[in-house]
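Asks: Got a structure here, written out as structure tokens. Questions coming.
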Amino acid sequence: MVGNIGVDQIKKRGGKLSDILGEQQELFQQFQSIHMQKIGEFGELCDRHVKNLGAIKCCRREAIIGEARKLVDYVEKRVAEETVHVNTQEAQDGVQSSLLSLLFS
């Protein structure tokens, strides 16, 4: 009979379907396990990236502070040089003025 499927064939096909379903469930569990592992690895990479960004930010801040200190040192040196120059010029002007007053007195 073409239209009638025997009970043994139904059990056989049911067993095959059950085996296929079991394989699919096993593959899905493996996929889930691998997926969770990859998510964990991605999380670790993100944490490392954030740490590296923090280190870069800290180094950049230190470099900026270092440059600012150099500029402040340079400005202080220039101010000191100008102050000495002005004081020296004032002293010379004072001496000349004193000498001139001695000559004309």
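Everything in the sequence shown is counted per the UniProt record's numbering, starting at 1 for the first residue and increasing by one.
Glycine included, every Cβ here is placed at the ideal spot set by N, Cα and C.
Quick check on DSSP: helix, strand or coil for ILE20?
Replies: Your numbering for residue 20 matches position 20 in the sequence shown. Three-state result, ILE20: helix.
Asks: Return the CA-CA distance between CYS59 and GLN89, expressed in angstroms with no decimal places.
Replies: Stepping through the sequence shown from its first residue, residue 59 is reached at position 59. Stepping through the sequence shown from its first residue, residue 89 is reached at position 89. Taking the straight line from one Cα to the other gives about 45 Å.
Asks: Note down the Cα distance separating ASP47 from HIS35, rounded to an integer number of angstroms.
Replies: Locating residue 47 in the sequence shown gives position 47, counting from the first residue. Locating residue 35 in the sequence shown gives position 35, counting from the first residue. If I take the Cα positions, the gap works out to 18 Å.
Asks: By how many angstroms is the C-alpha of ALA63 removed from the C-alpha of VAL75?
Replies: Within the sequence shown, residue 75 is the residue found at index 75, counting from 1. Within the sequence shown, residue 63 is the residue found at index 63, counting from 1. Computed Cα separation, rounded: 18 Å.
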